[in-house]
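Take the working numbering: the final residue in the sequence shown is number 551, and no numbers are missing along the way. C-beta: ideal position from N, C-alpha, C; glycine also. Computed from a predicted model, the values in this text were never measured in an experiment. Comments concern the structure below.
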Amino acid sequence: SIVSKNYRTAYHFQPRKNWINDPNGPMYYKGVYHLFYQYNPGSVIPGNKTWAHSVSTDLINWVRLQPALERTEPYDAKGCWSGSATILGDGQPAILYTGADDVKNQAQCIAFPSNLSDPYLREWTKPDSNPVIRPVGPGLNRSQFRDPTTGWAGPDGQWRIAVGAELNGYSAALLYKSQDFVHWNRVEHPLYSSNSSTMWECPDFFAAIPGNGSGLDPSMAAPSGAKHVLKVSLDSCDKYMVGVYDLKRDEFVPDTVLDDRRLWPRIDYGNYYASKSFFDAKKGRRIIWGWTNESDSSSDDSAKGWAGIQAIPRTIWLDCQSKQLLQWPVAEVESLRRNGISHQGIELEKGGLFEIKGTDTLQADVEIDFEPEAMDSIDPFDPSWLMDTEKHCRKVDASVHGGLGPFGLAVLASANMEEHTAVHFRVYKAEHKYMILMCCDLRRSSLRPGLYTPAYGGFFEFDLEEERKISLRTLIDRSAVESFGGGGKVCIMARVYPATLIEDGGARMYAFNNGTSTVKVSQLKAWSMRRAHVNVKKA
Ligand code: FRU
């Protein structure tokens, strides 16, 4: 139908059809980026997971290959589940993935490229030694044991990986050690565990230098001064802790332990799960991929014939205070921009609305700097809001006047604003600092019934006196609205299915201010985004 055609994204990663979930084993190998992903070859609903495989030279245009891993062995008969790639010392890549068998065992399995001289690494071999890590050991739940990380080298020259697990009923990232990457021993204590939740899916563990945008190669010892980040997936979102990797104890030690997991910072405050990062040796950066589910009905998914996309790959780094991760769409996405427009010095008084014209409204990249004119009407911050940011976003609706804010961007809007997705900020004054709420409110995103339409939100600290400008970047891609606030401090990925999309070109886009204080848009830039070649061609 025309509707499903228009919801299909133009430059976010997706297969031609069927169900996808987690990104798996991203890597850069000999000039080529590889992305594998959880894929059901036969249906728009989950099941029968294989590792589908695509390659790219720019992270934006992708060519699909044959599946890398299929359910061929007893130990992966139920599915080849999530895992990671590691570039070993001799330059050879290896995949570790979870095999799910018929009797609910999850075990870690290895695969190597069958032919190292094939630049695309089309074919993968599962050695007879599989599974290389069986679900046995004290405290382990054999059906909650999966998603091995990329390997990193320890000070003793041995490889280490972490595996998501339920240990004595609680969450853990179990630690395994190996000399040759094939024979693994469980280290008695986990890399990290917590009694604040159950199973963690898709752990990701990496080193980062505070305030440095470069990534670090996990096969080399982390330089002194490096911090470590542990990301885990639970409660339908990706959360992380910043801390140090204590080499003597071989343990991750978070800088702050928050007992209430609702307070853990998130990679993304929207529809984003099972993320995985990798070190890009080509450009010396760390890049993170994350899965974005559909949020329409499953009958819509059948009508569309596909379900799930990957968010735009993002460069990820640690801020200079080691407090939080920052993320920004990889620069390569800018190669899709065309017909740029720009405006300066737009005053938005209370109720002000500025229509952004001259670019495509269904496929666009928008960057806006908001500058408050006055600092005297800023409302006080209440820390209890941090417990439930979505609830707070519902309360501070974009149409409700505040002191400083809400101001932001309304996208995929119908002529009368009956339908629109609002991405907006609200500024609060806390003790000695400012706290900014960023919302992506889907409640009016569509007039169609039966959709999941939350108001996503996240808070970030901001030095308003020093920095002045609060920036917003939003990538609009038909049913995807992916936003970056404060230079990448809060990211919100959202899926929307407006009826307006039915008429191409019918959607509008506005900058708005509904706060009492006047806000200046000191800079506004927008571009139309070309369609990328995403898996249309098979190599
Ligand atoms: C996360 C997850 C993983 C698992 C995979 C199966 O979305 O549940 O834990 O390996 O998906 O597809």
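For this session: Run the proximity test for G37: is its beta-carbon closer than 8 Å to any non-hydrogen atom belonging to ligand 1?
Result: no
Exercise. In this structure, does DSSP put L374 in helix, strand or coil?
Worked result: coil
For this session: Report the residue ranges of all alpha helix (DSSP H) runs contained in full by the region 385-466; include only those spanning at least 4 residues, in chain order.
Result: 401-407
Problem set entry | D114 - DSSP class collapsed to helix/strand/coil | coil
Problem set entry | Validate contact between the region 207-215 and the region 69-89 using beta carbons, cut 8 Å, 3 pairs | no
Problem set entry | Residue ranges of each alpha helix (DSSP H) within the region 226-267, 4 or longer | none
For this session: Work out the CA separation of V199 and S7 for me, nearest whole Å.
Result: Nothing in the structure corresponds to residue 7, since the chain is present only between 13 and 551.
Problem set entry | heavy atom of ligand 1 below 8 Å from W63 C-beta | no
Exercise. For the 8 Å Cβ check, are there 3 or more pairs between the region 272-286 and the region 314-322?
Worked result: no
For this session: Count the other C-beta atoms from every protein chain shown that fall within 10 angstroms of the C-beta of N547, then say buried if there are 16 or more, exposed otherwise.
Result: buried
For this session: Under 8 Å Cβ to Cβ from L128, same chain only, skipping five residues before and after it: list those, please.
Result: Q104
Problem set entry | Q339 beta carbon less than 9 Å from that of C451 | no
Problem set entry | Distance, I107 Cα to K29 Cα | 25 Å
For this session: Report the residue from G166, D292 and C214 whose alpha carbon sits nearest the alpha carbon of M232.
Result: G166
Exercise. Under a three-way DSSP split, which group does V67 fall into?
Worked result: strand
Exercise. Are there three or more Cβ pairs, one per stretch, closer than 8 Å when the region 92-102 is compared with the region 148-166?
Worked result: yes
Problem set entry | Three CB pairs or more closer than 8 Å across the region 536-547 and the region 378-387 | yes
Exercise. Does the beta-carbon of Q120 have 16 or more other beta-carbons within 10 angstroms, so that it is buried, or is it exposed?
Worked result: buried
For this session: Could you name each continuous beta strand (DSSP E) segment of 3 residues or more that falls completely within the region 133-219, going from the start of the chain to the end?
Result: 152-158, 171-179, 182-190 and 204-206
Exercise. In terms of residue numbering, what span does the beta strand (DSSP E) encompassing A323 cover?
Worked result: Note, A323: premise wrong, no beta strand (DSSP E); not H, not E.
Exercise. DSSP beta-bridge partners for L360?
Worked result: V531
Exercise. With DSSP run on the structure shown, which of helix, strand or coil describes L484?
Worked result: strand
Exercise. Which ranges would you report for the beta strand (DSSP E) in the region 55-102 if only whole runs of at least 3 residues count?
Worked result: 62-68, 74-76 and 91-99
For this session: Run the proximity test for S96: is its beta-carbon closer than 8 Å to any non-hydrogen atom belonging to ligand 1?
Result: no
Exercise. Just to confirm, does S457 get its C-beta within under 8 Å of one of the non-hydrogen atoms of ligand 1?
Worked result: no
For this session: Could you spell out where the beta strand (DSSP E) holding D475 opens and where it closes?
Result: It is not in any beta strand (DSSP E) - D475 carries neither H nor E in the DSSP assignment.
For this session: For D388, collect the residues of the same chain with a Cβ closer than 8 Å to its Cβ; drop the 5 residues on either side in sequence, then sort them by chain order.
Result: S529
Exercise. Whose C-beta lies closer than 7 Å to the C-beta of G357 among residues of the same chain, with five residues either side of it excluded?
Worked result: K532 and S534
Problem set entry | Bridge partner(s) assigned by DSSP for I122 | L108
Problem set entry | Assigned exposure category for Q191 - 16 Cβ within 10 Å defines buried | exposed
Problem set entry | Candidates G500, L259, E213 and V144: closest to Y182 by CA position | E213
Exercise. Could you give the distance in angstroms between the alpha-carbon of E431 and the alpha-carbon of D453?
Worked result: 11 Å
Problem set entry | G555 to G302 span [Cα, whole Å] | Missing from the structure shown is residue 555; the chain here goes from 13 to 551 and no further.
Problem set entry | Residues near S16 by beta carbon distance below 8 Å, same chain, minus five either side | D312, A315, K316 and G317
Problem set entry | Run of the alpha helix (DSSP H) containing A315, from where it starts to where it stops | S310 to K316
Exercise. So, E462 versus D308, is the Cβ gap smaller than 9 Å?
Worked result: The sequence as given places Gly at residue 462; Glu does not occur at that position. The answer is yes: Cβ separation under 9 Å.
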